[in-house]
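Numbering (the UniProt record's numbering), first residue to last: 1 to 274.
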């Protein structure tokens, strides 16, 4: 088997240790996943490293643009130069975030292992409880048989007395286990996270205050929406269906618009003063 070869689609030389089994039928999807995995190893900043959410979103958009360009072969040379410049300028941040990512993965693995151990312990306790109940029932049944065989008393009373003794006790609720606060190594859970950057309040300006628009009608004012129904204007308007009403449309909207268009410009006289 050859130690290297070229890609049949893009003629890029590939080494055998870089080959892997194709997971998706579409080779484009495979290419996108490979490039995305490689880029995200370098562009691994977290939200808490940015002063504002807008800066973090812009950073994510730049990352997606880089991935898109590489996947589709757009400005590949300029994009690779941008990647190399980013790696030079953010070398310490990249290494730190890689280490933190590995630490968080180790923490998650240990938490999952602890949960599995707790589940196994609960299963063992439940199994032991069921076995103890089964042994207890067998012992009580044997005691009843022995007493019936050796006693000269009334059998019904003996059975009744054993039945009363054998009434099941109310199950005792298990005590809730305290959640683990540290790992077996003594490191507190979540202690590896960077401190959150405080949110800097921004001046968003004066609050919005609605002001009704002033229409230059050049004619008599149209009746307001409250007078349309009282004065009978809506009697000559087509009824609104359920679908139109669900979309927020009302008959008064079309009626008012028609009246405004009919009255606009009635008092406009070209060349007249005022």
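Every residue, glycine too, gets a C-beta built ideally from N, C-alpha and C.
These figures come from a predicted structure and were not determined experimentally.
Would you tell me roughly how many angstroms separate the C-alpha atoms of residue i and residue j, rounded to the nearest one?
i	j	result
residue 158	residue 132	24 Å
residue 144	residue 130	21 Å
residue 62	residue 47	14 Å
residue 38	residue 69	14 Å
residue 248	residue 239	14 Å
residue 116	residue 77	49 Å
residue 29	residue 80	21 Å
residue 108	residue 120	18 Å
residue 60	residue 94	15 Å
residue 148	residue 138	15 Å
residue 269	residue 256	24 Å
residue 230	residue 223	11 Å
residue 122	residue 89	51 Å
residue 24	residue 244	46 Å
residue 118	residue 135	26 Å
residue 92	residue 205	38 Å
residue 155	residue 112	57 Å
residue 160	residue 128	29 Å
residue 246	residue 234	19 Å
residue 100	residue 74	33 Å
residue 49	residue 27	35 Å
Which partner residues does residue i have in the DSSP bridge list?
i	result
residue 207	Answer is none; residue 207 lacks a bridge partner.
Would you mind working out which of the options sits nearest residue i, comparing C-alpha positions?
i	options	result
residue 236	247, 258 and 246	258
residue 33	72, 58, 13 and 45	72
residue 218	138, 238, 267 and 23	267
residue 163	100, 140 and 260	140
residue 97	122, 56 and 45	45
residue 232	251, 216 and 221	251
residue 64	161, 40 and 142	40
residue 54	114, 111 and 200	200
residue 225	254, 242 and 245	254
residue 202	91, 99, 31 and 51	51
Just verifying my parser: in three-state terms, what is the DSSP assignment at residue i?
i	result
residue 151	coil
residue 267	coil
residue 231	coil
residue 249	coil
residue 91	helix
residue 23	coil
residue 158	helix
residue 55	helix
residue 130	helix
residue 62	helix
residue 113	helix
residue 100	helix
residue 202	coil
residue 238	coil
residue 45	coil
residue 73	coil
residue 144	helix
Does the Cβ-Cβ distance between residue i and residue j come in under 9 Å?
i	j	result
residue 42	residue 67	no
residue 263	residue 221	yes
residue 260	residue 215	yes
Any chance the CB of residue i is under 8 Å from a heavy atom of the ligand NAD?
i	result
residue 92	Among the components of this structure there are no ligands whatsoever, and the ligand NAD is therefore not found.
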